[in-house]
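Data first, discussion second: the structure below is written as structure tokens.
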Amino acid sequence: MKKWIAIIVASIAGSFSTSAYTSYYINNTDKIGVQPGGANLGLDGPKKYKSKAELIKKYAPYKNDVDQILQGLEYNKAQMKQISKKLNKQAEEETNK
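Residue numbering for the sequence shown follows the numbering used here, starting at -5 and increasing by one per position.
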């Protein structure tokens, strides 16, 4: 499952500048639904299907980059409570000045 999440992250990360993205629907089969979305696109466009093999071939060169992005996201998620506490403490200190 992690490698499929990686594909989604790579697609999103590569499209921030255009606010466009691609959603991948995984149904435990070899076929994966692919649907474009983004500003002025919504999810009304036609859903196309690609095989897992096609997607792995397309994103394989970016595997290391995607793994680093996923590790960063996991680290940030793990640190959210600590960061939130720190920000709240700073806000209290600013209010008490």
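Even glycine gets a Cβ: it sits at the ideal position worked out from N, Cα and C.
Quiz prompt | Exposure of Tyr43, with buried meaning 16 or more beta-carbon neighbours within 10 Å | solution = Under the 10 Å beta carbon count, Tyr43 is surrounded by fewer than 16 other beta carbons and is classified as exposed.
Quiz item: Quick one, which of Lys91, Met74, Gly27 has its alpha-carbon nearest Glu48's?
Solution: The residue among Lys91, Met74, Gly27 with its C-alpha nearest the C-alpha of Glu48 is Gly27.
Self-check item: Where Lys91 falls: helix, strand or coil (DSSP)
Solution: In this structure, Lys91 counts as coil in the three-state DSSP scheme.
Quiz item: Could you check where the beta strand (DSSP E) with Tyr53 kicks off and where it finishes?
Solution: Counting along the chain, Tyr53 falls outside any beta strand (DSSP E), though it belongs to the alpha helix (DSSP H) covering 46 to 53.
Quiz prompt | Buried/exposed call for Tyr69, threshold 16 Cβ in 10 Å | solution = Classification for Tyr69: exposed.
Quiz prompt | Whole-number beta carbon distance between Asp24 and Lys46, since they are thought to touch under 8 Å | solution = Yes, Lys46 and Asp24 are in contact; Cβ-Cβ is about 6 Å, under 8 Å.
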